[in-house]
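Asks: Right, I'll just put the structure down here and ask away after.
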Amino acid sequence: MMIMEKNKAIEIRNLGYNYPDGSAALKGIDMDVFEGECIALVGPNGAGKSTLILHLNGLLFPVSGSVRVFGHELNEQSKKEIRKQINIVFQDPESQLFSPSVFDDVAFGPINMGLAREEVFARVDEALSHVGMAGFAHRSPHHLSFGEKKKVSIATVLSMKPKIIVLDEPTLGLDPWARKDFMKLLEKLKKEHTLVIATHDLELLELCDRAYMLRDGKVEREIKGKEEVK
Amino acid sequence: MHHAFIDKFSHLDSPIHRLDPRAKILSFLFFVLIVVLSANGDYTAFGLFFLLVFSVILLSRVPLVYVFKHSLVVIPFVGFVGLSLLFKEGGAIAFSVPGFGFPVSSEGLRIFFSVLAKSWLSVLAMLTLVSTTRFPALLKGLEWFRVPALVLMVISFMYRYFFLINDEMMRMQAARDSRGAPSKLVENISSAGSMIGSLFVRSYERAESAFLAMCARGFDGEMKALCVFNPGVWDFVFIILFCSCALVIKLFG
Chain A
1466 MMIMEKNKAI
1476 EIRNLGYNYP
1486 DGSAALKGID
1496 MDVFEGECIA
1506 LVGPNGAGKS
1516 TLILHLNGLL
1526 FPVSGSVRVF
1536 GHELNEQSKK
1546 EIRKQINIVF
1556 QDPESQLFSP
1566 SVFDDVAFGP
1576 INMGLAREEV
1586 FARVDEALSH
1596 VGMAGFAHRS
1606 PHHLSFGEKK
1616 KVSIATVLSM
1626 KPKIIVLDEP
1636 TLGLDPWARK
1646 DFMKLLEKLK
1656 KEHTLVIATH
1666 DLELLELCDR
1676 AYMLRDGKVE
1686 REIKGKEEVK
Chain B
84 MHHAFIDKFS
94 HLDSPIHRLD
104 PRAKILSFLF
114 FVLIVVLSAN
124 GDYTAFGLFF
134 LLVFSVILLS
144 RVPLVYVFKH
154 SLVVIPFVGF
164 VGLSLLFKEG
174 GAIAFSVPGF
184 GFPVSSEGLR
194 IFFSVLAKSW
204 LSVLAMLTLV
214 STTRFPALLK
224 GLEWFRVPAL
234 VLMVISFMYR
244 YFFLINDEMM
254 RMQAARDSRG
264 APSKLVENIS
274 SAGSMIGSLF
284 VRSYERAESA
294 FLAMCARGFD
304 GEMKALCVFN
314 PGVWDFVFII
324 LFCSCALVIK
334 LFG
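Top line first, the protein sequences correspond to chains A and B. Add 1465 to the 1-based position in the first sequence for this note's numbering, that's all there is to it. Add 83 to the 1-based position in the second sequence for this note's numbering, that's all there is to it.
Here you go:
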């Protein structure tokens, strides 16, 4: 009952999406994410996890159904505002980090939000130290290790101070040492944000409160409660 | 894989590195302009121009061998393009090409060597600029000088993704070679073709996903960068000293 009293952070109703070639990618997805929750999206490759993620901040729009973020329907007009509330950390840090320096990348979101100069600097500093990468601002992304790139990727989103963070396969490709470090960071993030994590990682699943199992573009089942997730 | 880019030594610390990027861009571009405008065959001036850049390189602590080695890259290109200058009419005939009898004039020689010297000096200046300025700072300096944002965006993505694409190619090559590809270049042409093809597709996909990541963080088609400049007295001193030296050499060299 506790959970019902919380605000709905994301509400997806009957979401349908077709690939440009016409084949159905998502077929009537229903999903609720409450504020402060950590939700996992699991399922085999090609189940539609990444496509679903792109719908969460208006990078794709549904063919049918709707996505609501904090009660506001996501559409062309509202996407700019909603992107300040919910943001995505993509799977491949080489795509997430596209600027010539770490600073430029972390500052990219805040600058686009139209923040004042001092505020941008403050946010970059804060985001980088939050992920343990303070002092890397002037490094070039292609000189960072994979684990460092992953952490900076999170900082690029943290600097926008979203309430919800969506992570696509965050631990994929990390070595056991970088992974351990990264898991601590995710636990820290969990305390302050609503998280949606697409993953195959069993250890990461234990961090999540609930999970949605996707298969063939549909929600196959909802896994409620930490015990069942395990 | 780790690569060093052209701005390999831009992270050193020296009086030249500490200068405002705009001061360096302005001074070195002025230098190139003056060098290009100086009279052909004025070898004293060329020598003095060289001394001017040389002293800046010394101050910057960028390894001399690195700068000189890389500056020579331009010589074959300019040399090849400038070959026809040798046969320009005018002045005494210096010598004839053995076996063909084409006359090479002394005037032609003078222009040929002047063009070589000028282009080499210009490249030297540009290398010094790039080796003493961090690439992002250089881009921001250029932005301040109103270089079109689209051009800067292309350069910035090139800087970010060039080595990634290079790495991908090296991995594909390794995968091909480890499966016993023929060692002769000619026999490899068909596989090279498909490698280039898949590299193109991968780069295209990369561009798409990077674009999505940009949109997710509020990109609306306009690149807004934050320029941080802290100009000081030394920047003005450098501009005035460097430019006036170049001007004096041009006028009285």
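Think of the CB as a built atom: it goes at the ideal place given N, C-alpha and C, for glycine as much as any other residue. Please read these numbers as outputs of a predicted model, since none were measured by experiment.
Which runs of the alpha helix (DSSP H), 4 residues or longer, sit entirely within the region 1660-1693 of chain A?
Replies: List check, alpha helix (DSSP H) in window: 1667-1670.
Asks: Just the Cα atoms here: how many angstroms apart are N1479(A) and K1544(A)?
Replies: The sequence position of residue 1479(A) within the first sequence is 14, counting from 1. The sequence position of residue 1544(A) within the first sequence is 79, counting from 1. Near 19 Å, if we compare the C-alpha coordinates of K1544(A) and N1479(A).
Asks: Name, please, each residue of chain B whose Cβ falls closer than 7 Å to the Cβ of D1569(A).
Replies: Counting from one through the first sequence, the residue named residue 1569(A) turns up at place 104. Chain B residues near D1569(A): P219, A308.
Asks: Please tell me whether R285(B) has its Cβ less than 8 Å away from any Cβ of chain A.
Replies: Mapped onto the second sequence, residue 285(B) falls at position 202. Taking Cβ atoms only, chain A never reaches closer than 8 Å to R285(B), which makes this a no.
Asks: Taking Y232(B) as the query, report the chain A residues whose CB atoms sit under 9 Å from its CB, ordered along the chain.
Replies: Walking along the second sequence from the start, residue 232(B) turns up at place 149. Checking the sequence shown, residue 232(B) turns out to be Ala, not Tyr. Chain A residues near A232(B): none, gap ~13 Å exceeds 9 Å.
Asks: Answer yes if the region 1618-1632 of chain A comes into contact with the region 1661-1671 of chain A, meaning at least three C-beta pairs across the two stretches below 8 Å, and no otherwise.
Replies: Yes: the two stretches touch, three or more of their Cβ pairs being nearer than 8 Å.
Asks: Beta-carbon of F302(B) versus every beta-carbon of chain A: anything under 8 Å?
Replies: Residue mapping note: residue 302(B) aligns to position 219 of the second sequence, counting from 1. Chain A contact via Cβ: present.
Asks: Under 8 Å, do S1610(A) and V1571(A) count as touching if we go by C-beta distance?
Replies: One-based indexing of the first sequence puts residue 1610(A) at position 145. One-based indexing of the first sequence puts residue 1571(A) at position 106. In this structure, V1571(A) does not lie closer than 8 Å to S1610(A) by Cβ.
Asks: What residues are listed by DSSP as bridge partners for I176(B)?
Replies: For the purposes of this step, residue 176(B) is identified with residue 93 of the second sequence, where counting begins at 1. DSSP, once it has assigned bridges, lists S188(B) as partnering I176(B).
Asks: Name the residues in the region 132-151 of chain B whose C-beta lies less than 8 Å from a C-beta of chain A; which are they?
Replies: The residues in question: there are none.
Asks: Thinking N1522(A) and I1551(A) are a contact (beta carbons under 8 Å), I'd like their distance in whole angstroms, please.
Replies: Position 57 of the first sequence, counting from 1, holds the residue named residue 1522(A). Position 86 of the first sequence, counting from 1, holds the residue named residue 1551(A). With 8 Å as the limit, N1522(A) and I1551(A) qualify as a contact, their Cβ atoms being about 5 Å apart.
Asks: Apart from the five residues just before and just after L247(B), which ones in its own chain have a Cβ nearer than 8 Å to its Cβ?
Replies: Position 164 of the second sequence, counting from 1, holds the residue named residue 247(B). Cβ within range, chain order: R289.
Asks: For the 8 Å Cβ check, are there 3 or more pairs between the region 204-213 of chain B and the region 106-115 of chain B?
Replies: Output reads yes: the region 106-115 of chain B touches the region 204-213 of chain B.
Asks: Run through the region 1533-1585 of chain A for me and flag every whole alpha helix (DSSP H) of 4 or more residues, listed as ranges in chain order.
Replies: Whole alpha helix (DSSP H) segments, 4+ residues: 1544-1547, 1558-1561, 1567-1577.
Asks: By Cβ distance, which residues of its chain are closer than 7 Å to E251(B), with the 5 residues on each side in sequence left out?
Replies: One-based indexing of the second sequence puts residue 251(B) at position 168. Here the set comprises L282, R285.
Asks: Quick check on R101(B) - is its C-beta less than 8 Å from some C-beta in chain A?
Replies: Locating residue 101(B) in the second sequence gives position 18, counting from the first residue. Chain A, which has no Cβ nearer than 8 Å to the Cβ of R101(B), makes this no.
Asks: Strictly below 9 Å CB to CB, what residues from chain A border R289(B)?
Replies: As a first step, residue 289(B) is located in the second sequence; it is residue number 206 there, counting from the start. Those are D1557, E1559, S1560, listed as they occur along chain A.
Asks: DSSP state of C326(B), grouped into three classes?
Replies: The count along the second sequence starts at 1 and reaches residue 326(B) at position 243. Residue state, collapsed to three classes: helix.
Asks: Taking only the alpha-carbon atoms, compute the straight-line gap between H1658(A) and V1622(A) and give it to the nearest angstrom.
Replies: In the first sequence, the residue the question calls residue 1658(A) occupies position 193. In the first sequence, the residue the question calls residue 1622(A) occupies position 157. Near 12 Å, if we compare the C-alpha coordinates of V1622(A) and H1658(A).
Asks: Beta-carbon of S93(B) versus every beta-carbon of chain A: anything under 8 Å?
Replies: As a first step, residue 93(B) must be located in the second sequence, where it is residue number 10. Not an interface residue.
Asks: Return the bridge partner residues of A1489(A) from the DSSP annotation.
Replies: Looking up residue 1489(A) in the first sequence gives position 24. N1483(A), per the DSSP bridge assignment.
Asks: Would you grab the beta carbon distance between L1593(A) and A1620(A) for me? Rounded to a whole angstrom, and I think it's under 8 Å.
Replies: Here residue 1593(A) refers to the residue found at position 128 of the first sequence. Here residue 1620(A) refers to the residue found at position 155 of the first sequence. Sure, about 5 Å apart at Cβ, within 8 Å.
Asks: With a CB to CB cut of under 7 Å and the five nearest residues on each side skipped, what residues in its chain are close to K171(B)?
Replies: For the purposes of this step, residue 171(B) is taken as residue 88 along the second sequence, with counting starting at 1. Closer than 7 Å at Cβ, skipping near neighbours: S188, E190, G191, I194.
Asks: Can you look up K307(B) in the DSSP assignment and give me helix, strand or coil?
Replies: In the second sequence, the residue the question calls residue 307(B) occupies position 224. Here K307(B) sits in coil by DSSP.
Asks: By DSSP, does D1646(A) sit in helix, in strand, or in coil?
Replies: Within the first sequence, the letter at position 181 stands for residue 1646(A). Helix at D1646(A).
Asks: Could you confirm whether any beta carbon from chain B is found closer than 8 Å to the beta carbon of M1578(A)?
Replies: Here residue 1578(A) corresponds to residue number 113 of the first sequence, with the count starting at 1. So, interface residue.
Asks: Check whether the Cβ of L1524(A) lies closer than 8 Å to any Cβ atom in chain B.
Replies: Counted from its first residue, the first sequence places residue 1524(A) at position 59. It does; some Cβ of chain B falls within 8 Å.
Asks: Scan the region 234-319 of chain B and note each continuous alpha helix (DSSP H) run of 4 residues or more that stays entirely inside, going in chain order.
Replies: With a minimum length of 4 residues, the continuous alpha helix (DSSP H) runs that stay inside the region 234-319 of chain B are 272-299.
Asks: Going by beta-carbon coordinates alone, are I108(B) and L212(B) separated by less than 8 Å?
Replies: In the second sequence, the residue the question calls residue 108(B) occupies position 25. In the second sequence, the residue the question calls residue 212(B) occupies position 129. In this structure, L212(B) lies closer than 8 Å to I108(B) by Cβ.
Asks: Which of the three DSSP states is assigned to D1633(A) in this structure?
Replies: The residue given as residue 1633(A) occupies position 168 in the first sequence. Residue state, collapsed to three classes: strand.
Asks: Could you have a look at V148(B) and say whether DSSP puts it in helix, strand or coil?
Replies: Counting from 1 along the second sequence, the entry for residue 148(B) is found at position 65. The answer is helix: DSSP assigns V148(B) an H, G or I state.
Asks: Pull up the distance between the alpha-carbon of V1596(A) and that of I322(B), whole angstroms please.
Replies: Locating residue 1596(A) in the first sequence gives position 131, where the first residue counts as 1. Locating residue 322(B) in the second sequence gives position 239, where the first residue counts as 1. Cα to Cα, V1596(A) sits roughly 41 Å from I322(B).
Asks: Sorted by chain position, which residues of the same chain lie with C-beta nearer than 8 Å to V316(B)'s C-beta, five sequence neighbours on each side aside?
Replies: As a position in the second sequence, residue 316(B) is number 233, starting the count at 1. Excluding positions up to five away in sequence, the list is empty.
Asks: Got a sec, what are the start and stop residues for the alpha helix (DSSP H) L142(B) sits in?
Replies: The sequence position of residue 142(B) within the second sequence is 59, counting from 1. Counting along the chain, the alpha helix (DSSP H) containing L142(B) begins and ends at 126-143.
Asks: Give a yes or no on whether 8 Å exceeds the smallest Cβ distance from G1574(A) to chain B.
Replies: As a working note, residue 1574(A) is residue 109 in the first sequence. Yes, G1574(A) lies at the interface with chain B (some Cβ there is under 8 Å from its Cβ).
Asks: What does F246(B) reach in chain A if we use C-beta pairs closer than 8 Å?
Replies: Along the second sequence, one-based indexing puts residue 246(B) at 163. Here the neighbours are H1607.
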